[in-house]
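Just so you know, the sequence shown maps onto residues 15 to 265 in our numbering.
We treat Cβ as the ideally placed atom computed from N, Cα and C, and that holds for glycine.
None of the values given here were measured: they were computed from a predicted structure.
Scroll down for the structure; my scribbles are underneath it.
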Amino acid sequence: GVNRVSIESDNNANQVYQSTAGASGYNQYTFRQMGGTIASPTQLGGGYDIGNIIFQGYDGAAMQSVAGIRVRNSATITSASSPADINFETTTAGSVTPTTKMTILSGGNVGIGTTSPSAKLDIAYSTNPTTATPHIILSTGGTVKQAAITAESSTIGGLVFSTGDGTLVDRMTILRTNGNVGIGTTSPGSKLTVIGDIVTSTRVASDTINGYTGGSTPLTILTGGAQNIIIGTNNAERMRITSAGNVGIGT
């Protein structure tokens, strides 16, 4: 059977209040589930809905569920262990069946788009995402997107960091196939490919420094002030260009 407590009215806001006072007082709703019967309860096995909160709307003929919160125990309840998961459900447009959108497992892992998160935060897409539909967006509210992080696999195939002022632009890409990092390019052909200027206040250490082969801009090495340019091998200076333009080799 179904036991109901119903509060109904027209053109009013139905509200349930619980009030308490004092340092030791508190308000509480408790949902209980057990095996057997109320008169003869037995130990509860795993996989039962302990408590559900369902939100519904009327479609003109019947009530339809639009969202819900479900708490389900993930293992048999004992005196030493009572693990449970929490599922948050919403109904997608074009459907009347709520589905789980976010899960918090008993161990604390949070899943968005997955009911079995394997990390503290696990975000999953049912289809391959692109930078047009990033995983994480940072914004000032509304549609003004300021930054985004996308684990893309359909076009670029890697981790993409984007920034912008309303319109996101890819700034840095880490390819998943070889780990190459691109700044200003989504297809880095080396461990670090930079399309644009590099400014540093200290040394640049590398086995190879090449100019970008995809453009016409020459490889340019400049100092921002009255500094010398030093070129060396085997961690020793071999050539120096002074701030005045004098070139010394071996001196």
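For residue i, the residue or residues it bridges with in DSSP
i      : result
Ile212 : According to DSSP, Ile212 bridges with nothing at all.
Gly246 : Glu251
Phe45  : Beta-bridge pairing links Phe45 to no other residue.
Thr207 : Gly196
Ala165 : Leu173
Gly125 : Thr117, Asp136
Cβ neighbours of residue i in the same chain (closer than 6 Å, five flanking residues each side left out)
i      : result
Gly50  : Thr56
Thr199 : Thr207, Ile209
Ile21  : Asn28
Pro97  : Ser88, Ala89, Ser120
Asp24  : none
Ala128 : Sequence check: residue 128 is Thr here, not Ala. Here the set comprises Asp136, Ala138.
Chain-order list of residues whose beta-carbon lies under 7 Å from that of residue i (same chain, five-residue window excluded)
i      : result
Gln29  : none
Asp99  : Arg86, Ser88, Thr117, Ile118, Leu119, Ser120
Phe175 : Ile163, Arg185, Met186
Thr154 : Gln160
Leu135 : Val124
Ser204 : Asn194
Residue span of the beta strand (DSSP E) that contains residue i, given as start and end
i      : result
Leu233 : Element bounds for Leu233: n/a, residue is neither H nor E.
Gly262 : 261–263
Ile188 : 182–189
Ser23  : Ser23 -> no beta strand (DSSP E), and no H or E assigned at all.
Thr177 : 172–178
Ser153 : 150–153
Beta-carbon separation (whole angstroms), residue i vs residue j, contact threshold 8 Å
i      : j      : result
Thr105 : Ala81  : 7 Å
Ile68  : Gln47  : In fact, because the Cβ distance is near 16 Å, the residues do not count as touching under 8 Å.
Tyr40  : Thr34  : 6 Å
Ile244 : Glu251 : 5 Å
8 Å Cβ shell around residue i - same chain, five flanking residues per side excluded
i      : result
Gly71  : Met77, Gln78, Val80
Ser95  : Ala89
Ser132 : Asn123
Gly238 : Val213
Thr113 : Glu103, Thr104, Thr105, Thr106
Closer than 7 Å: residue i CB and nearest the ligand FMN heavy atom
i      : result
Thr164 : With respect to the ligand FMN, the structure offers nothing, as it holds no ligand at all.
Which whole runs of the alpha helix (DSSP H) in the region 48–123 are 4 residues long or more, in chain order?
none
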